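Just so we're aligned: 1629 in our numbering is position 597 of the first sequence, and the numbers increase by one with no gaps anywhere. Even glycine gets a Cβ: it sits at the ideal position worked out from N, Cα and C. Computed from a prediction, not measured in an experiment: that's the story for all the values here. The block underneath contains the structure these notes are about, expressed in structure tokens.
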Amino acid sequence: MNEISSSEKDLQQEHQQYIVPLGGWRRTHDCGQLNASDNGAEVCLMGWVQFRRDHGGLIFIDLRDRAGLTQTVFSPEVAPSAHESAHILRSEYVLAVKGRVRRRPEGMANPGMPTGEIEVVVLEWKLLNTSKTPPFMVEDRIDAAENLRLQYRYLDLRRPRMASNIITRHKLAQCTRNYMDENGFLEVETPFLTRSTPEGARDFLVPSRLNPGEFYALPQSPQLFKQLLMVSGLDRYFQIARCFRDEDLRADRQPEFTQIDVEMSFADEELVMEMAEGLIARIFKDVMRKDVALPFPRMPYEQAMAEYGVDKPDTRFGLKLCDVTEIVRGSEFKLFASAEMVKAFKVPGGESISRKDIDGYTEFVKIYGAQGLAWIKIRPEEWQSPIAKFLSEQERQGLAKALDLQAGDLVFFQAGAPDMVNAALGNLRVRLGQDLGLVNEGDYNFLWVTDFPLFEYDKDENRDVACHHPFTAARPEDMPKLQSDPASVKARAYDMVLNGTELGGGSIRNHSADAQRAMFAALGFKPEEAEAQFGFLMQALELGAPPHGGIAFGLDRMAMLLTGSNSIRDVIAFPKTQKATCLLTDAPAEVSPKQLRELGLRLREKEKDQ
RNA sequence: GGAGUGGUAGUUAAGACGGUUAUAACGCCGGCCUGUCACGCCGGAGGCCGAGGGUUCAAGUCCCUUCCACUCCGCCA
């Protein structure tokens, strides 16, 4: 091993003697833009060596930059000295070439390459830097392990796919800025160092050196500040805002993420939604060149939960859920008889789904707390099912009618607590939609989910918590029920959903201090607690707050959708691992005793100190 | 906090039934090659099988512990 690495090191080091300064050279083009119309032009390109094809005589180097690839040719006939020295070139060496664009000879064009009609005949070139052999090849088709990619993220980002993701993300942000600016929104920065608030996700805390024992929190969102900006009379605000939440990660969740954060004064739901739809349509037009039909359809939360089992329905396919609780109440099948809720959905023609697949789906729903998965195959002559023998004729007729059953259908059932039933069937429905190819990949089904409840019950805390956040206004007609019947109170909130993914959500806020106080009371805050935590907000609301509301979009998730990525990490330049570490910089890391002392912090004694 | 998948040359994977010297492809190094474009041909180097412990005459393979990455549940107003 020493031999190879030392000889490789020697080779690369030996080549370093050929490195020269730019010496005033400037690029005339990038590596993705030349075509047949540039034939004959003298150009200067700079980039990285993608492939070297050394024919002994001719040498072909594909030069790469973020824009693409251009084939360069080193020819002993055209430029003998340039050709002679080109033998040292290796993958990922950085070079500058000056040369002449020419059409490739007849039959030599590469139609698979945007620049495939031409090549650049090198007249003169400079080695700008060498490179060790990279730990993985800089190509889209290389499937390197994610930890390697993260450790060498700068190499990963050289891959065309990743570079294109970052470019798309930039376009998304830029297009947002243009649209917001055209519509009178001001981009305002809000603090990263702010105060911890009790509701919501876990905060990242920052110790204060000047105030020992006290902590800032990084913002989970700029919510309070943007409301204060409305009280300021700045009227329309937006920010492409970094947000922080110290919760566990997922494929679509990072501890720091970016929101397109928007707030508008003198606005009601309709105005905010109209503006938001305009933004999304603009983004799809500019970034995807796709027209989006406006306005988006709307669906009340209750309908979403009833028919799809989730609050972000994917409406690209059917398989809607059906509540059959009453039909099977008192059934001989004990699991159904006494269940709080029984729901079902049918898979048309699903009779051909194998027992093995059904077993797989049974395992799948157990993730969501289901004990099992009941099913029935509707055959012309009989109902084939482990539970068929328990079903009375009346129950069968009831089910057949409610689900409109035909021969060849397959029905899945789930019985139990509503949360579990909806989660299990709602997610199974999505899974089947994928497995059965019911999703047309070109479809973009936008949807507003509206009429959310204002509260949801938190079992652990044994109290109501805000469904959206505690500054969301209740529907005016529900205000009297805040104390008496909180479960029935609807929020002036709305979520934008695309193909089963929540793109964003928002609400109209309480702009009257009294309404906000009533909200805090309903959430179980004592007046003095509310005052201590949010006194500054209530005071602001008492000093001429206009009616206002807003919305926030997940920019990372949107970038994911626009680029067809499976993970949010693929649209973030430097993401964290699932344990929230950075493999590139090795953050987080221990700090010196001096730093801790200055912050007035002492770490718990480690037990391994022996 | 919990469930699952994976970790073997630089990379991606095969080997899993315990038994000679651990395979392959790509990459890397050397040689040949004037129309390639994932160039081609010939030759070569490269391994503590994630780490630690155990069982055994013998462990990449079996057992235990642990670390790392990923997916999911909980959590994420």
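> On the three-state DSSP scale, how would you describe residue 1236?
Replying inline: Three-state DSSP puts residue 1236 in coil, outside helix and strand.
> Are the beta-carbon atoms belonging to residue 1419 and residue 1441 less than 7 Å from one another?
Replying inline: No Cβ-Cβ contact shorter than 7 Å links residue 1419 with residue 1441.
> In this structure, does DSSP put residue 1319 in helix, strand or coil?
Replying inline: Looking at residue 1319 - three-state DSSP - the assignment turns out to be helix.
> Which stretch, first to last residue, makes up the beta strand (DSSP E) that contains residue 1095?
Replying inline: 1091-1097
> Are residue 1197 and residue 1603 touching if we call contact CB-CB under 7 Å?
Replying inline: yes
>> On the CB-based measure, 16 or more other CB atoms within 10 Å of its CB, does residue 1052 come out buried or exposed?
In response: exposed
>> By the DSSP assignment, the beta strand (DSSP E) with residue 1297 in it spans what residues?
In response: 1288-1297
> What separation, rounded to the nearest whole angstrom, lies between the Cα atoms of residue 1384 and residue 1397?
Replying inline: 20 Å
> Can you give the beta carbon distance from residue 1276 to residue 1252, rounded, assuming they're within the 8 Å contact cut?
Replying inline: 6 Å
> Is the segment 1260-1269 touching the segment 1545-1563 in the sense that three or more CB pairs, one from each, lie closer than 8 Å?
Replying inline: no
>> Can you check which of these residues, 1592, 1327, 1297, 1619, is closest to residue 1577 by C-alpha distance?
In response: 1297
> To the nearest angstrom, how far is it from the Cα of residue 1212 to the Cα of residue 1395?
Replying inline: 46 Å
> Which whole runs of the alpha helix (DSSP H) in the segment 1179-1208 are 4 residues long or more, in chain order?
Replying inline: Secondary structure within the segment 1179-1208: the alpha helix (DSSP H) runs of 4 or more consecutive residues, fully enclosed, are 1185-1188 (chain order).
> If you count every other CB in all the chains shown that lies within 10 Å of the CB of residue 1618, and 16 or more means buried, which is it?
Replying inline: exposed
> Hey, residue 1062 and residue 1099 are a contact pair by Cβ (cut 8 Å); roughly how many whole angstroms apart?
Replying inline: 4 Å
> Are residue 1479 and residue 1585 closer than 7 Å when you measure CB to CB?
Replying inline: Pairing residue 1479 with residue 1585 gives a Cβ-Cβ distance that is not under 7 Å.
>> Please state the DSSP three-state secondary structure of residue 1509.
In response: helix
> Assuming residue 1337 contacts residue 1400 under a Cβ cut-off of 8 Å, what Cβ separation, rounded to an integer in Å, is found between them?
Replying inline: Contact doesn't hold; Cβ gap of about 14 Å is too wide.
> Would you call the segment 1421-1434 and the segment 1300-1309 in contact, with 3 or more CB pairs under 8 Å?
Replying inline: no
> Do you know offhand how far residue 1367's Cα is from residue 1437's?
Replying inline: 22 Å
>> Restricting to Cα atoms, I'd like to know which of 1500, 1356, 1501, 1381 is closest to residue 1432.
In response: 1356
> For residue 1541, is the classification buried or exposed, using 16 other Cβ atoms within 10 angstroms of its Cβ as the cut-off for buried?
Replying inline: buried
>> For residue 1006 and residue 1422, what's the separation of their Cα atoms in angstroms?
In response: The structure shown does not extend to residue 1006, since the chain spans only 1033 to 1642, so no value can be given for it.
>> Taking the alpha-carbon of residue 1566 as reference, which of 1226, 1636, 1371 has the nearest alpha-carbon?
In response: 1226
> If you check the beta carbons only, do residue 1125 and residue 1162 fall under 7 Å apart?
Replying inline: yes
>> Using only the alpha-carbon positions, how far apart do residue 1476 and residue 1305 sit?
In response: If I take the Cα positions, the gap works out to 18 Å.
>> I'd like to know if the segment 1452-1464 and the segment 1363-1378 are in contact, where contact means that at least 3 CB-CB pairs between them fall below 8 Å.
In response: yes
> Excluding the five sequence neighbours on either side, which residues of its own chain have a C-beta within less than 6 Å of the C-beta of residue 1522, listed in chain order?
Replying inline: Hits under 6 Å: 1483, 1507, 1510.
>> On the CB-based measure, 16 or more other CB atoms within 10 Å of its CB, does residue 1140 come out buried or exposed?
In response: exposed
> Between the Cα of residue 1132 and the Cα atoms of 1447, 1143, 1155, which residue gives the shortest distance?
Replying inline: 1155
> When the Cα atoms are used, what is the spatial distance from residue 1075 to residue 1588?
Replying inline: 37 Å
> Where in the segment 1528-1565 do unbroken runs of the alpha helix (DSSP H), each at least 4 residues long, occur, reported from the N-terminal end onward?
Replying inline: 1545-1554
> Three or more C-beta pairs closer than 8 Å, one from the segment 1557-1575 and one from the segment 1525-1536: is that the case here?
Replying inline: no
>> Looking at the secondary structure, which residues open and close the beta strand (DSSP E) in which residue 1100 lies?
In response: 1100-1106
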